[in-house]
Every structure is written in structure tokens, then in C-alpha cells.
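J.: Below is one structure. I have some questions about it.
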Amino acid sequence: MKLQNIIIPATFAGFGVVYLANVYKKFCKKEEPLKEIKANSKAKIDDESPGEYFQLQSANNEVLQKFRVRARIVSYIRQFLDSLGFLEVQTPMMNTVAGGATAKPFITHHNEHNSKMFMRIAPGLSLKMLVVGGIDRAYELGKVFRNESTDLTHNPEFTICEFYMAYADYEDLMSITEDMLSGMVLSIHGTLKINYQPEGPDGPIEQIDFTPPYRRMKIIPELEKRLEVSLPHPSTFDTPEAVELLDRLSTKHDVHCPPPRTAARLLDKLVGHFLEEECRNPTFLIDHPQVMSPLAKCHRSAPGVTERFELFVCKKKICNGYTVLNDPFEQRKRFDQQAKDRAAGDDEAQVIDENYLTALEYGLPPTGGCGMGIDRIAMFLTNSTNIQDIMLLPAMKNMLKRTANCMGE
Ligand SMILES: *[C@@H]1O[C@H](CO)[C@@H](O)[C@H](O)[C@H]1NC(C)=O
Ligand SMILES: *[C@@H]1O[C@H](CO)[C@@H](O)[C@H](O)[C@H]1NC(C)=O
31 MKLQNIIIPA TFAGFGVVYL ANVYKKFCKK EEPLKEIKAN SKAKIDDESP
81 GEYFQLQSAN NEVLQKFRVR ARIVSYIRQF LDSLGFLEVQ TPMMNTVAGG
131 ATAKPFITHH NEHNSKMFMR IAPGLSLKML VVGGIDRAYE LGKVFRNEST
181 DLTHNPEFTI CEFYMAYADY EDLMSITEDM LSGMVLSIHG TLKINYQPEG
231 PDGPIEQIDF TPPYRRMKII PELEKRLEVS LPHPSTFDTP EAVELLDRLS
281 TKHDVHCPPP RTAARLLDKL VGHFLEEECR NPTFLIDHPQ VMSPLAKCHR
331 SAPGVTERFE LFVCKKKICN GYTVLNDPFE QRKRFDQQAK DRAAGDDEAQ
381 VIDENYLTAL EYGLPPTGGC GMGIDRIAMF LTNSTNIQDI MLLPAMKNML
431 KRTANCMGE
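To convert, count from 1 in the sequence shown and add 30; that's our numbering.
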């Protein structure tokens, strides 16, 4: 019997997992018996014990309950966006350029064309091209892939929902996000105040209040307050003098920033250290400097910063949104700045996407867009401390090793 002959009935995912697990057991006769753990046990990601896997034993246990909540989150989002007239679409997962986010892609190879391809890191650029094409409200809910390390809130593949809306700006998008999140929490838990244990079942219980409107913090003035200095004007952040000042401030406050210490990376670490740490209830950090936001439109009244927001809950980012930069000339300049950061060794800096620039040249109407991390939202709504607790069959190292052993038999 070959592995690919195993069919997991989609409607009984829980039972499918048990079935798959049993088959593995039969295959691996020569190995020691598999240790069975519950998905919500506190096993470390890098635990060296072999063959760990999920087991969803019965229809009523709390593990399965988490996946029911997760499914309700996804269906709530679909229903919410559908009712606002958004069209759900599927855009390519493999592209010749990986754009739309600041992240490192997985590279793959297309044999017939003998060319490099990239797994998508975000669907955003494709969705904006659809807005150019006349779909005024488009969204996609699906997986993205980022070649980065795994920790309690990061997994190399994760689920994102991105939605783009013509004739909307970041203020509109923040209201929509508040409506969507608060409506979702209320429909799932019957209250807007939920209890969460950030350190797991033995840790303290913290209340998260999803009642809108959410607090808004402007990044630059708030940073200046925490740092007790006045920062150079944001439109000069890419000059050597400004980078040097940011560098000195990070060192002074013991804010760790591995090289390359570009303005964007230093600012990102400073914001993480001083501002994100304060976001427990849902909080919007807004008006990011241009150097940190290559795809966002300049702020209509504050030069050097952009119309962008990030939403944090319990110190973790769950949304990123902005008024889309729709000027192709300005966009090319921003990509050039990214190329400089890349040349300085930042392998997460964005690359020039000529197709996207061409689309902007045809004309993108004023548009707002937002992406939300479904897995992290699911963590907060299911009391999970490890992102893998709310993913079915996560790519645990040992599980992969085990599968490889089994196939080799
Ligand atoms: C992922 O990143 C690592 C480390 O930079 C690299 O060695 C590897 O080739 C990358 N994998 C893919 C599939 O791109
Ligand atoms: C999380 O666990 C705590 C303690 O058991 C409980 O009070 C709380 O209601 C749980 N929260 C959710 C969202 O299930």
C-alpha cells in the first residue's frame, strides 16, 4: 500500500487524522512505538522524541473544539465580506516574483520552462491587479509561505485573508476591521471580552476586550515619547545621519537588531520593543514611516509617513493594512529604495515587480487593502499559546523525519 492511496474524507477531518496515524503505525514496524500526544499538550516544537502527531480522539474533546472555532472564524469572514459585495478569488500561489510583503520566499523550480518560481508570500499584488482589472472589491483566503524560522507564533505556511476595496482608504479599512473582528468574537463567544492565557494553561488569565473602537497609536510621536528624543523628520530616515541616530538609539536601549541595520529594520525593532509590547487589547499602530512601508500611499497631511496601520492583540500582529500607493512613478522609487536595502543584505526587502508596475500604469483607483493572519486570530479565540495547536498536521520536524523513514521502507 502506498501513502498516496490514503484518502482522508474531508468532512471527517478528525477521523481522517486518526486513520492516517494508524496507517503510519503499521508502516513503521521497525521503529519504536509512536508516542501519542495531544495537540494541546506542551510539547516543544523542537522536542527530539520521535513520531509525534496529533490525535483527535473523540468528537467532543477540546482539541477538536479548537478546530470548530477555527472553521467558524473562516466562515464568519467569508460571510462578512460577501455581504459587503466582495468577490472571493483565487490567485496564483507560484509566481516569477514574490512580492506584496516583507519576507523571504521559498524558491522552487519549473522543469519545463527551466525557470525559478517563488511560492507566494502574500496575495496582495495579484489582488490589486484585479482591482485594476475592474473587480472593485476582491478578497482571497488562503495559504502563504515564508521561508523563516518557526516559533510560537510563526509557521512557514500560514493562512491569510487579504481584501482590497476601491474608493476606500485606511480609515475605512480600520472601521471594517473593527466591525469584522468584534462581530466575529461576539458571534463565536457571545461576548466581546474573552479570557486568554498567554503563557498556557498554568499561567495567568488576561482579559482581551474586543469592544470597538480600538486604541490608535501614531508610531513616530509615540516612539519619541518612549525614547525621550525628537527623531529626525521621517522623510529623511533614509539618510546616513538618520540611520546612524537610529543605530545609536537601538544600542543605547539594548534593542537587538541583527545586521543589516537599515533604517527600516532599526525602526521595526524599536517599534517592537517600545510600542508593540504595550498592545494588549486590540490596538492600531498607525502612520508608519515610508521607509518601512514600500507599498503604502504617503499620508495626505504628514510628509514622510504613510497611511498604514497594523493591528496588535496581546503584543502580536494580526492585521496589516494601508491606503494603496497607486502612483507608478513613486512606486518605482520605493522599489529602488528596497533594492538598496537588499544590496545591503536585507533578504526580506521587496523586489521590483514589473508586472505590478505595469498594472499601476494602467491605473489603480484609490484603494485600501488589509491582510489578516487567521492562525493568530484563532490562537486568541481558542486560548492557544502555540500556533501549531490550531494547525492540523503541522510540519513538526520529527513528523517529517518520521514520514521520510516510513516512505523509505
Ligand atoms: C530557505 O532558506 C534557507 C536558508 O536561507 C535556504 O538554504 C533554502 O534554500 C531556502 N529554501 C527554499 C526552498 O527556497
Ligand atoms: C481560556 O482558559 C481559561 C482558564 O481555563 C478560561 O477561563 C477562559 O474562558 C478560556 N478562554 C477561551 C477563549 O476559551
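Ideal placement from N, C-alpha and C gives every residue a C-beta, glycine not left out.
#1: Counting C-beta neighbours from all protein chains within 10 Å, is the total for G220 16 or more, i.e. buried, or is it exposed?
#2: Which same chain residues, not among the five before or five after L423, have their C-beta less than 6 Å away from its C-beta?
#3: Does the beta carbon of T313 fall short of 8 Å from some heavy atom of ligand 2?
#4: Can you tell me whether G164 is buried or exposed, with buried defined as 16 or more other CB within 10 angstroms of its CB?
#5: Residues near ligand 2, CB to any non-hydrogen atom under 7 Å, in chain order?
#6: What residues come near ligand 1, if near means a beta carbon less than 6 Å from any of its heavy atoms?
#7: Rounded to whole angstroms, what's the CA-CA distance from M147 to H140? Just pull it up for me.
#8: Compare the Cα-Cα distances from A373 to each of F342, N356, R291 and report the closest residue.
#9: Could you pull the start and end residues of the beta strand (DSSP E) that V174 belongs to?
#10: Closest by CA to G393, which one among M124, V127, K158?
#11: Measure how close the beta-carbons of I103 and I404 come, nearest whole angstrom, since I'm counting them as under 8 Å.
#12: Rounded to the nearest angstrom, what separates H318 and E337 at their Cα positions?
#13: Here's the rule: buried if 16 or more other CB atoms are within 10 angstroms of the residue's CB, otherwise exposed. What is K255?
#14: On the CB-based measure, 16 or more other CB atoms within 10 Å of its CB, does N225 come out buried or exposed?
#15: Express the C-alpha separation of P324 and T189 in angstroms, rounding to a whole number.
#16: Within the continuous beta strand (DSSP E) that includes G393, where are the two ends?
#17: With which residues is P319 paired in a DSSP beta bridge?
#18: Please report the distance separating the alpha-carbon of D181 from that of S145.
#19: The alpha helix (DSSP H) that contains G351, what's its start and end?
#20: Would you call the stretch 353-370 in contact with the stretch 378-390, where contact means no fewer than 3 C-beta pairs closer than 8 Å?
#21: List the endpoints of the continuous beta strand (DSSP E) containing S217.
#22: Three or more C-beta pairs under 8 Å: does that hold for the stretch 231-239 against the stretch 273-284?
#23: If I measure Cβ to Cβ from M322 and keep anything under 6 Å in the same chain, skipping five residues before and after, which residues do I get?
#24: Output needed for A272: all residues of its chain with C-beta closer than 7 Å, excluding positions within five of it in sequence on either side, in chain order.
#25: Express the C-alpha separation of R167 and P395 in angstroms, rounding to a whole number.
#26: Just the C-alpha distance for I137 and D377, rounded to the nearest angstrom, thanks.
T.: Let me spell this out:
#1: Residue 220 sits at position 190 when you count from the first residue of the sequence shown. With fewer than 16 other CB atoms across the displayed protein chains lying within 10 angstroms of its CB, G220 is exposed.
#2: One-based indexing of the sequence shown puts residue 423 at position 393. Counting only Cβ-Cβ distances below 6 Å, and skipping sequence neighbours, we find nothing.
#3: Reading the sequence shown from its first residue, position 283 is the one you call residue 313. Answer for T313: no, Cβ out of range of ligand 2.
#4: The count along the sequence shown starts at 1 and reaches residue 164 at position 134. So G164 counts as exposed.
#5: Listed by chain position, these are H219, I224, N225, Y226, Q227, P231, I235, L411, T412, N413.
#6: Result (chain order): F136, I137, N177.
#7: Along the sequence shown, read from residue 1 onward, the residue named residue 147 stands at position 117. Along the sequence shown, read from residue 1 onward, the residue named residue 140 stands at position 110. Distance between the alpha carbons of M147 and H140: 7 Å.
#8: Against the sequence shown, residue 373 aligns to sequence position 343. If we check each option's Cα against that of A373, R291 comes out closest.
#9: Position 144 of the sequence shown, counted from the start, is the residue given in the question as residue 174. 167-175 is the span of the beta strand (DSSP E), which, as asked, contains V174.
#10: Your numbering for residue 393 matches position 363 in the sequence shown. Residue K158 holds the alpha-carbon nearest to the alpha-carbon of G393 among M124, V127, K158.
#11: If you number the sequence shown from 1, residue 103 lands on position 73. If you number the sequence shown from 1, residue 404 lands on position 374. Contact check for I103 and I404: beta-carbon distance about 6 Å, within the 8 Å limit, so the pair qualifies.
#12: Residue 318 sits at position 288 when you count from the first residue of the sequence shown. Residue 337 sits at position 307 when you count from the first residue of the sequence shown. Cα to Cα, H318 sits roughly 7 Å from E337.
#13: On the sequence shown, position 225 is the one that residue 255 refers to. Under this definition K255 is an exposed residue.
#14: Reading the sequence shown from its first residue, position 195 is the one you call residue 225. By the neighbour-count rule (16 or more Cβ atoms within 10 Å), N225 is not buried but exposed.
#15: In the sequence shown, residue 189 corresponds to position 159, counting from 1. In the sequence shown, residue 324 corresponds to position 294, counting from 1. Cα to Cα, T189 sits roughly 23 Å from P324.
#16: Here residue 393 is taken as the residue at index 363 of the sequence shown, counted from 1. Run containing G393: none; DSSP gives neither H nor E here.
#17: The residue labelled residue 319 in the question sits at position 289 within the sequence shown. The partner list for P319 (beta bridge, DSSP) reads V335.
#18: Numbered from its first residue, the sequence shown carries residue 181 at position 151. Numbered from its first residue, the sequence shown carries residue 145 at position 115. Their Cα atoms are separated by approximately 32 Å.
#19: On the sequence shown, position 321 is the one that residue 351 refers to. Boundaries for G351: no alpha helix (DSSP H) harbours it, while the beta strand (DSSP E) harbouring it runs 346-353, taken from the DSSP string.
#20: With the cut-off at 8 Å, the stretch 353-370 and the stretch 378-390 touch.
#21: The residue given as residue 217 occupies position 187 in the sequence shown. Segment 200-219 is the alpha helix (DSSP H) holding S217; no beta strand (DSSP E) there.
#22: No, the stretch 231-239 does not touch the stretch 273-284.
#23: As a position in the sequence shown, residue 322 is number 292, starting the count at 1. Contacts found: A294, L297.
#24: Position 242 of the sequence shown, counted from the first residue, corresponds to residue 272. Within the same chain, P262, T266, A293 come within 7 Å of A272 by CB-CB distance, once the 5 residues on both sides are set aside.
#25: Mapped onto the sequence shown, residue 395 falls at position 365. Mapped onto the sequence shown, residue 167 falls at position 137. Roughly 12 Å separates the two Cα atoms.
#26: Taking the sequence shown and counting its residues from 1, one reaches residue 137 at position 107. Taking the sequence shown and counting its residues from 1, one reaches residue 377 at position 347. I137 and D377 have their alpha carbons spaced roughly 13 Å apart.
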